């Protein structure tokens, strides 16, 4: 069975908080999947939420009122690749791109199921009305309780508040643009009866059809800004070209300034070692790829969802050492595991190919994880990244190993690998997480060569 991010994040304990503080923005952002964000936005209680992207961060630098509005919000939702890159600069990883044009429809679908009324406020005259009609057609049972434009209809705050309250709306979507909508809600949300107020920027223009969305493949690549720039180059060139560059430069400076010195050195070590290894081992990787293709059908690389630091999922890379049906056969082989506890290991695993046994013996199958290190998802040294199903079955104390980035090598790997039982592996990983130093990392890297040559526990 293939596990999704939602499957295992739902199984993680409350101790793994669904928020992340980004020193590069000096803001705490929601760090969760879209379904989790929708559930939290609609949870009991009153809530004010805003989306944050690179442009928002730039505006915040010069607008104190806007900055105060963001910091007083109940939820800040990360929007766009710029914010994701800013997180990675400090070794963090955001679970999802919670942009408004994708999240709001999901929110409204759930609101319709719960019978909640929605008020649309903002946009040019007629935009909110057209957006309402389109949303009602697209979402069964959605109840729009009222609309109001963001021009003449927004001139009198008292009239707007009275209109919204009279409509009986549970949710208010405010589309006045950044920073006006955030400042308006910061000043007036407490006067509204609605339980959820949300600043949504240009979302109503999308739903009304005034602005077309980028193709799905471009959205998946988090590059919708390129599409927007192509549509409105004169208006958006400064925001996207100069603004994005300014944001990333500022984020990089703050990342270095705020990062603990050991973290900077550790990331430098990761990049230096992994980049050097990638160049030095390129011929071996090429030969391995050829051998895999000649030995069995299937792709050269094996991609699998693993659990990273703080429970954030990522796609781990390996050279494929098993047949194509390995995942389908795993459940039937669990009883043959040579290791006690959660993690499955079998010395005589029938799924392993001939080439697979060789590359596993010398840990060659792990080499593609150099790319995971360069991307910031793994470190050279750290606990091995676990499967979602394994994390879901962890005893409480084992979650401590998720406090640091997973690694290619580590204390467990140089001490016997699969010959080490699960409980002892956890003890080693917790000890490393509590006392890791750069000197210890260098020692473990050096010991890895001996462990690889001995092949102890490699199967």
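Numbering (the working numbering), first residue to last: 13 to 471.
Ideal Cβ positions, reconstructed from N, Cα and C, are used throughout, including at glycine.
Since we're looking at a predicted model, the values are computed, not measured.
Under 8 angstroms between the Cβ atoms of residue 363 and residue 335?
A contact, by the Cβ cut-off of 8 angstroms.
Among residues of its own chain, excluding the 5 on either side of residue 94, which ones have a beta-carbon nearer than 7 angstroms to its beta-carbon?
Same-chain partners within the cutoff: 65, 66, 256, 259, 260.
For residue 203, collect the residues of the same chain with a Cβ closer than 6 angstroms to its Cβ; drop the 5 residues on either side in sequence, then sort them by chain order.
Taken in chain order, the residues that qualify are 173.
Which one or two residues does DSSP pair with residue 31 in a beta bridge?
Paired residue(s): 42.
Under DSSP, the alpha helix (DSSP H) around residue 66 begins and ends at which residues?
Residues 66-74.
Which parts of the segment 278-345 are runs of the beta strand (DSSP E), unbroken and 3 residues or longer, counting only runs that do not cross its ends?
Runs of the beta strand (DSSP E) inside the segment 278-345: 313-319, 325-331.
Beta-carbon separation of residue 432 and residue 381 under 8 angstroms?
Not a contact, by the Cβ cut-off of 8 angstroms.
Can you tell me where the alpha helix (DSSP H) with residue 113 in it begins and where it stops?
112-125 is the span of the alpha helix (DSSP H), which, as asked, contains residue 113.
Can you give me the C-alpha to C-alpha distance between residue 221 and residue 54, rounded to a whole angstrom?
C-alpha separation (whole angstroms): 26 angstroms.
Am I right that residue 140 and residue 132 are in contact with their C-beta atoms under 8 angstroms? What's the rounded C-beta distance?
Right, the Cβ-Cβ distance comes to about 4 angstroms (below 8 angstroms), so this counts as a contact.
Let me confirm a value: residue 229 is counted as buried when at least 16 other C-beta atoms fall within 10 Å, else exposed. Which label applies?
By the neighbour-count rule (16 or more Cβ atoms within 10 Å), residue 229 is not buried but exposed.
Scan the segment 209-237 and note each continuous alpha helix (DSSP H) run of 4 residues or more that stays entirely inside, going in chain order.
As far as the segment 209-237 is concerned, its whole alpha helix (DSSP H) runs of at least 4 residues are 215-220, 228-232.
Going straight from the alpha carbon of residue 32 to that of residue 193, what length do you get?
The alpha-carbon atoms of residue 32 and residue 193 are separated by roughly 24 angstroms.
Should residue 98 be labelled buried (16 or more other beta-carbon atoms within 10 Å of its own) or exposed?
It is buried - the Cβ of residue 98 has at least 16 other Cβ atoms within 10 Å.
So, is residue 294 buried or exposed, given that buried needs 16 or more other C-beta atoms within 10 angstroms?
Flag for residue 294 reads exposed.
Might you give, ordered along the chain, the residues of its own chain that have their beta carbon closer than 7 angstroms to the beta carbon of residue 177, omitting 5 neighbours on each side?
Correct list, in chain order: 204, 205.
Please tell me whether residue 395 and residue 319 are closer than 8 angstroms, where the distance is taken between their beta carbons.
No, these two residues do not count as a Cβ contact at 8 angstroms.
Just the C-alpha distance for residue 413 and residue 324, rounded to the nearest angstrom, thanks.
The alpha-carbon atoms of residue 413 and residue 324 are separated by roughly 13 angstroms.
Our contact map puts residue 175 next to residue 189 with C-beta atoms below 8 angstroms; I'd like the distance itself, whole angstroms only.
Not a contact, Cβ separation roughly 20 angstroms.
Report the residue from 322, 376, 232 whose alpha carbon sits nearest the alpha carbon of residue 445.
Here the closest residue by C-alpha is 322.
Is the segment 103-115 in contact with the segment 158-171, if contact means three or more CB pairs nearer than 8 angstroms?
No: the two stretches stay apart, fewer than three of their Cβ pairs being nearer than 8 angstroms.
Would you mind working out which of 84, 424, 278 sits nearest residue 199, comparing C-alpha positions?
Closest by alpha carbon: 84.
Quick check: is the beta carbon of residue 157 nearer than 8 angstroms to any beta carbon in chain B?
Of the protein chains in this structure there is only one, and it is not chain B.
Candidates 458, 398, 407: which alpha carbon is nearest residue 427's?
The option with the nearest alpha carbon to residue 427 is 458.
At 3 residues or longer, what runs of the beta strand (DSSP E) sit wholly inside the segment 373-459?
Correct list: 391-393, 419-421.
Excluding five sequence neighbours on each side, which residues of the same chain lie with their C-beta closer than 7 angstroms to the C-beta of residue 301?
Here the set comprises 312.
Quick one: grab the DSSP three-state call for residue 15.
Reliability fails at residue 15, whose pLDDT of 39 lies under 50, so the model's placement of it is uncertain and no value is given.
Specify the secondary structure class of residue 258 as computed by DSSP and reduced to three states.
Of the three classes helix, strand and coil, the one that applies to residue 258 here is helix, per DSSP.
Using the rule of at least 16 other Cβ atoms within 10 Å of the residue's Cβ for burial, across every protein chain shown, is residue 49 buried or exposed?
Result: buried.
In angstroms with no decimal places, state the Cα-to-Cα distance between residue 461 and residue 207.
If I take the Cα positions, the gap works out to 59 angstroms.
Measuring CA to CA, which of 88, 331, 391 is closest to residue 375?
The candidate whose alpha carbon is nearest that of residue 375 is 331.
Could you tell me which residues DSSP pairs with residue 90 in its beta bridges?
Note: residue 90 sits in a beta bridge opposite 64.
In terms of DSSP beta bridges, what is residue 159 paired with?
Beta-bridge pairing links residue 159 to 132.
Rounding to the nearest angstrom, what Cα-Cα distance links residue 464 and residue 308 in this structure?
Spanning the two alpha carbons is a distance of roughly 25 angstroms.
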